[in-house]
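Q: Can you read through this structure? Questions will come right after.
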Amino acid sequence: MSRGRTSALVVREALLRAARELLDERGPTGLAIRDIAARAGVAPMGVYNRFGSKDGILNALLEQGFAELAAVVTVRPDAADPLGAITTGMGNYRAFALANPAMYRLMFDQPNAGFEPSPEARMMALATFERLIDAVQLGIATGHLRPGAPEEIAQRIWAACHGATSLELRGIAFISDHDAHYAALVRTLLRGLAAHPAPEGES
Numbered sequence: 001m002s003r004g005r006t007s008a009l010v011v012r013e014a015l016l017r018a019a020r021e022l023l024d025e026r027g028p029t030g031l032a033i034r035d036i037a038a039r040a041g042v043a044p045m046g047v048y049n050r051f052g053s054k055d056g057i058l059n060a061l062l063e064q065g066f067a068e069l070a071a072v073v074t075v076r077p078d079a080a081d082p083l084g085a086i087t088t089g090m091g092n093y094r095a096f097a098l099a100n101p102a103m104y105r106l107m108f109d110q111p112n113a114g115f116e117p118s119p120e121a122r123m124m125a126l127a128t129f130e131r132l133i134d135a136v137q138l139g140i141a142t143g144h145l146r147p148g149a150p151e152e153i154a155q156r157i158w159a160a161c162h163g164a165t166s167l168e169l170r171g172i173a174f175i176s177d178h179d180a181h182y183a184a185l186v187r188t189l190l191r192g193l194a195a196h197p198a199p200e201g202e203s
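Residue numbers (UniProt numbering): 1 to 203.
Put into structure tokens, the structure is as follows:
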């Protein structure tokens, strides 16, 4: 790789790192090209040269966020306990959101007016959701979950877990023990979807 190519990659990585830092500090609506460039020690034109526009930066952040989320929600398939894999994956989903609230908001709330995620970012989002679909398919195939369309079942699980997580991040709750509440939510969901539900009180 040429020195010029290496330098370009280094600058791009520095800009993306600066954008992530500012995202964490200020939230999605607090990102500005000039501030990103200043944090990275690069002229503002450098942002346009590497990313084309502010939307390019936002899409790069989205791709980074979905790659990180996919990594933590991907749990090794276990034919003996596929519901345990779903439980772990959805627990990791919440943990990612709590550890990266600004990134989570950028990924799912789209708070930046006029911004539309790129096809590449949308594909990465879909690929992340497909991790849950795969786990549901295994649960159905092994007889742990009732037969049904895996995409629809996965959507129900994600909708409930995403809703609970988003409410927690916004401080909208009538409970004090969020960990216990979330664990109970996932257990209730899977008990309702299970082919042979365990009695109440059993995991």
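The beta carbon of each residue, even a glycine, is placed where N, CA and C say it ideally should be.
1. Would you kindly report the start and end of the unbroken alpha helix (DSSP H) that includes Gln155?
2. Quick one: residues in its chain with C-beta nearer than 7 Å to the C-beta of Ala173, no 5 flanking neighbours on either side, listed in chain order?
3. Does the beta-carbon of Val186 have 16 or more other beta-carbons within 10 angstroms, so that it is buried, or is it exposed?
4. Roughly how far, in whole angstroms, is the beta-carbon of Phe96 from the beta-carbon of Asp55, given that I think they are within contact range, below 8 Å?
5. Tell me, please, which residues DSSP counts as bridged to Leu145.
6. According to DSSP, simplified to helix, strand and coil, what is Val75?
7. Measuring straight from C-alpha to C-alpha, what distance separates Val73 and His196?
8. Ser53 by DSSP, collapsed to three states: which one?
9. Does DSSP put Asp134 in a helix, in a strand, or in coil?
10. Spatial neighbours of Phe129 within its chain, please: CB distance less than 8 Å, with the 5 preceding and 5 following residues excluded, ordered by chain position.
11. Do Gly46 and Val10 come within 9 Å of each other at the CB atom, strictly closer than that value?
12. If we count Cβ pairs, one from each stretch, closer than 8 Å, do we get three or more for the region 142–156 versus the region 61–76?
A: In this structure, then:
1. On the sequence shown, residue 155 is found 155 positions in, with the first residue counted as 1. That run of the alpha helix (DSSP H) goes 150–170.
2. The count along the sequence shown starts at 1 and reaches residue 173 at position 173. Counting only Cβ-Cβ distances below 7 Å, and skipping sequence neighbours, we find Leu167.
3. Translated into positions along the sequence shown, residue 186 becomes position 186. Under this definition Val186 is a buried residue.
4. The residue given as residue 96 occupies position 96 in the sequence shown. The residue given as residue 55 occupies position 55 in the sequence shown. That pair is no contact at about 24 Å.
5. As a first step, residue 145 must be located in the sequence shown, where it is residue number 145. DSSP, once it has assigned bridges, lists Ala194 as partnering Leu145.
6. Looking up residue 75 in the sequence shown gives position 75. Reduced to three states, the DSSP call for Val75 is coil.
7. The sequence position of residue 73 within the sequence shown is 73, counting from 1. The sequence position of residue 196 within the sequence shown is 196, counting from 1. If you take the alpha carbons of Val73 and His196, they lie about 25 Å apart.
8. To locate residue 53, count along the sequence shown from 1; it is residue 53. Correct three-state label for Ser53: coil.
9. On the sequence shown, position 134 is the one that residue 134 refers to. It is helical.
10. Start at 1 with the first residue of the sequence shown, and residue 129 comes out as number 129. Ala154, Trp158, listed in sequence order.
11. The count along the sequence shown starts at 1 and reaches residue 10 at position 10. The count along the sequence shown starts at 1 and reaches residue 46 at position 46. Their beta carbons are not under 9 Å apart, which means Val10 does not touch Gly46 by this criterion.
12. no
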